[in-house]
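Working notes, structure below.
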Amino acid sequence: MAVANEAQSVFWEELAPAWLASESHTEMVSASFGRAAMDRLDLRAGQRVLDIGCGSGSTTLALAGLVAPGGEAVGIDIAPAMVTAATDHAKAAGVANATFLVADAQAADLSASSFDAAFSRFGVMFFADPPAAFTNIRAALRPGGTLAFACWSNLFANEWMFVPGAAAMSVTGSLPPMPGPGEPGPFSLDDPDRIELLLRDAGFVDIDVTAQPETIVIPRAEIESLVVLSSRVGAVAEALRTADAATAPRIVEAVRAALLERVEDDEVRLSAAAFVVRAHA
Ligand SMILES: C[S@@+](CC[C@H](N)C(=O)[O-])C[C@H]1O[C@@H](n2cnc3c(N)ncnc32)[C@H](O)[C@@H]1O
Numbered sequence: 080m081a082v083a084n085e086a087q088s089v090f091w092e093e094l095a096p097a098w099l100a101s102e103s104h105t106e107m108v109s110a111s112f113g114r115a116a117m118d119r120l121d122l123r124a125g126q127r128v129l130d131i132g133c134g135s136g137s138t139t140l141a142l143a144g145l146v147a148p149g150g151e152a153v154g155i156d157i158a159p160a161m162v163t164a165a166t167d168h169a170k171a172a173g174v175a176n177a178t179f180l181v182a183d184a185q186a187a188d189l190s191a192s193s194f195d196a197a198f199s200r201f202g203v204m205f206f207a208d209p210p211a212a213f214t215n216i217r218a219a220l221r222p223g224g225t226l227a228f229a230c231w232s233n234l235f236a237n238e239w240m241f242v243p244g245a246a247a248m249s250v251t252g253s254l255p256p257m258p259g260p261g262e263p264g265p266f267s268l269d270d271p272d273r274i275e276l277l278l279r280d281a282g283f284v285d286i287d288v289t290a291q292p293e294t295i296v297i298p299r300a301e302i303e304s305l306v307v308l309s310s311r312v313g314a315v316a317e318a319l320r321t322a323d324a325a326t327a328p329r330i331v332e333a334v335r336a337a338l339l340e341r342v343e344d345d346e347v348r349l350s351a352a353a354f355v356v357r358a359h360a
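Here it is, written out as structure tokens:
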């Protein structure tokens, strides 16, 4: 396999067990953005669609349903553990027109012009060389084929990540290691102008970048699910990884307290914001 993103491959393979264990929690924050991007593909029966950074494959299975009968969804992910989980999910769900490959979307030979559409839910922000990656993705599409993806807006517009992260910082007194501007990471595509420029330079046309601000409403009784998600993935998880035995429970307690502090009318409301992007090859 051609891999240009070795560091991300290692990172995601190590994170995979925690990510997979948190799936129901990540769906809570990412499902509607993924659906909005999927809607923009206007898929029809018989088409071939690529799911970039497919994770455990829930979106690939949904795409497979949209192109049936006669079509195929191909999920690619740089982390073998994700691909194994996705393959297992497809088998368990009896979905025969979804296949999965371990592949780096930046470098893999994706068989030129073989896809009618390409999709990603939060899987395109982790490229070391985004121009090369989006050029490779464009080459995988037939002329006129459609790319649609969701990527996060900035951290401050995403209180569901910011509030737990700030609570962890209040205990550790330091920022968790963050990627620099434009470096691979959840916020590398948080600038709509940069997204448009990247896609135009990669040969895409008819580019539309739509901001989608949302509010996540979590009933008080389910706050623990965000505490768990934060403890497994992202800045809080990173703080916990390096915390000593005395500090770790204080971090978790600070996250819980920060969320409880925001409860009003028995629920907590947190912003979540992404860009939903559509372009043509
Ligand atoms: C935030 S997760 C999203 C997973 C899935 N799309 C979802 O919404 O649940 C990002 C995924 O992208 C994958 N990924 C990161 N860099 C990649 C690359 N260069 N090529 C293919 N997959 C990549 C990761 O392994 C991870 O599974």
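When we follow the numbering used here, the leftmost residue of the sequence shown carries the number 80, and every step to the right adds one.
Backbone N, C-alpha and C fix where the C-beta goes; we use that ideal spot for every residue, glycine too.
Remember, it's a predicted structure, so these values are computed and weren't measured experimentally.
Beta-carbon gap between residue i and residue j smaller than 9 Å
i, j, result
"leucine 145", "leucine 180", "no"
"isoleucine 157", "tryptophan 91", "yes"
"alanine 207", "methionine 257", "no"
"threonine 139", "alanine 147", "no"
"valine 355", "alanine 115", "yes"
"glycine 261", "proline 210", "no"
"glutamate 93", "serine 135", "no"
"alanine 245", "glutamate 293", "no"
"alanine 97", "alanine 316", "yes"
"alanine 360", "glycine 224", "yes"
"leucine 254", "isoleucine 302", "no"
"alanine 187", "leucine 220", "no"
"glycine 150", "arginine 123", "yes"
"alanine 177", "alanine 171", "no"
"alanine 281", "aspartate 183", "no"
"methionine 161", "alanine 86", "no"
"valine 108", "isoleucine 295", "yes"
"glutamine 291", "serine 137", "no"
"serine 267", "phenylalanine 194", "no"
"alanine 141", "methionine 117", "yes"
"aspartate 269", "leucine 234", "yes"
DSSP-derived helix/strand/coil call for residue i
i, result
"serine 267", "coil"
"serine 370", "The displayed coordinates of the chain run from 80 to 360. Any statement about residue 370 would go beyond what the structure contains."
"alanine 245", "helix"
"alanine 143", "helix"
"arginine 119", "coil"
"arginine 329", "helix"
"proline 96", "helix"
"glutamate 340", "helix"
"aspartate 188", "coil"
"valine 347", "strand"
"proline 148", "coil"
"aspartate 285", "strand"
"proline 255", "coil"
"proline 209", "helix"
"serine 135", "coil"
"alanine 324", "coil"
"asparagine 215", "helix"
"glycine 125", "coil"
"glutamate 262", "coil"
"alanine 360", "coil"
"alanine 110", "helix"
"serine 310", "helix"
"valine 174", "coil"
"serine 88", "helix"
Bridge partners - residue i, DSSP secondary structure assignment
i, result
"methionine 154", "Looking at the sequence provided, one finds glycine at residue 154 rather than methionine. According to DSSP, glycine 154 bridges with Asp130, Phe179."
"glutamine 291", "Ala353"
"leucine 220", "Phe194"
"alanine 229", "Arg200, Val355"
"valine 296", "Arg348"
Whole-Å CB distance - residue i paired with residue j, under 8 Å assumed
i, j, result
"valine 284", "alanine 358", "7 Å"
"isoleucine 330", "valine 242", "Actually they do not touch by this definition, with Cβ atoms about 13 Å apart."
"alanine 218", "alanine 175", "Not a contact, Cβ separation roughly 28 Å."
"serine 304", "histidine 104", "5 Å"
Heavy atom of ligand 3 within 8 Å of residue i beta-carbon
i, result
"arginine 200", "Ligand 3 is absent from the structure shown, which contains only ligand 1."
Query raised in the report: Does the pairing of the segment 230-239 with the segment 201-218 give three or more beta-carbon distances under 8 Å?
Result: Short answer: they touch.
Query raised in the report: Does the pairing of the segment 263-281 with the segment 333-350 give three or more beta-carbon distances under 8 Å?
Result: No, the segment 263-281 does not touch the segment 333-350.
**Report entry** Cβ contact check for the segment 258-275 and the segment 211-220: 3 or more pairs under 8 Å
**Finding:** The segment 258-275 vs the segment 211-220: no contact.
Query raised in the report: So, do the segment 125-141 and the segment 160-171 have three or more beta carbon pairs nearer to each other than 8 Å?
Result: Contact holds: three or more Cβ-Cβ distances are below 8 Å.
Query raised in the report: Just checking, does the segment 301-313 make contact with the segment 325-338 on the three C-beta pairs under 8 Å criterion?
Result: Taking 8 Å as the limit for Cβ pairs, the verdict is that the segment 325-338 does touch the segment 301-313.
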